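Notes to accompany the following structure.
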Amino acid sequence: MFDFLFKFKEKASPCLFLFFISCVEPCRVWDIDCINGVCPSMSSRKISSWEQGLCQNLRLEFIKTAGGMYGYLDVLSPAILKRCDFEDSLTFTVSTVNSEYTLYALPLKGNQRFLLPESEVRTLLNLFQNEIEIYLKVGGYTATFSSYEFMKAYHKF
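As numbered in the working numbering, residues 57 to 213 make up the sequence shown, in order.
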């Protein structure tokens, strides 16, 4: 079998094959992690959308600590980041069946993880509580998140 591969390699012309995968299924799995500190004030809980391989290029994460609730948006695809114009903040769109919001996030070191301000976290949590699906659009890419699955995980959170 390996002999066949070597012969194929010698006869094949050099080519580069790129596969683009687009998924329309909403994120249905949310992970919950508990981080126990030495005292209750140093403990936290984290809920994040499940990474679905190449299909899920955006990830939302909420961390609840004694100091409050923090939100993060991770852009996992360099191609999406190239299409985004951000210096001080990343602007993205969150839409539902009935409404559309323009929100922003602050870039952290490496420009792949973005911190959501407290007002944007509240907006997202309210949308997850009141809508069926959330569509998050960054740099021309849209990810769909199921509110029902999020709320099931959030109640355990």
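Heads up, the beta-carbon is just placed ideally off N, CA and C, and yes, glycines get one too.
What you are looking at is a predicted structure, and each value in this text was computed from that prediction instead of being measured.
What is the DSSP secondary structure of residue i, counted as helix, strand or coil?
| i | result |
| --- | --- |
| residue 161 | strand |
| residue 104 | strand |
| residue 184 | helix |
| residue 117 | strand |
| residue 109 | With a pLDDT of 41 at residue 109, under the threshold of 50, the modelled position of this residue cannot be trusted; read the value that follows with caution. The answer is coil: DSSP assigns residue 109 none of H, G, I, E or B. |
| residue 170 | strand |
| residue 206 | helix |
| residue 143 | coil |
I'd like to confirm the pairing. Which residues does DSSP put opposite residue i in its beta bridges?
| i | result |
| --- | --- |
| residue 199 | 192 |
| residue 32 | The requested residue 32 is not part of the displayed model; the chain covers only 57 to 213. |
With burial defined as no fewer than 16 other Cβ atoms inside 10 Å of the residue's Cβ, what is the status of residue i: buried or exposed?
| i | result |
| --- | --- |
| residue 190 | buried |
| residue 195 | buried |
| residue 199 | buried |
| residue 135 | exposed |
The beta strand (DSSP E) that contains residue i, what's its start and end?
| i | result |
| --- | --- |
| residue 149 | 146-151 |
| residue 129 | 124-131 |
If contacts are defined as beta-carbon pairs under 8 Å, then residue i and residue j qualify, I think. What distance do you get, rounded to the angstrom?
| i | j | result |
| --- | --- | --- |
| residue 176 | residue 159 | 5 Å |
| residue 129 | residue 116 | 6 Å |
| residue 146 | residue 168 | Contact flag wrong, Cβ pair sits at about 10 Å. |
| residue 183 | residue 152 | 6 Å |
| residue 164 | residue 171 | 6 Å |
| residue 121 | residue 100 | 4 Å |
| residue 118 | residue 127 | 5 Å |
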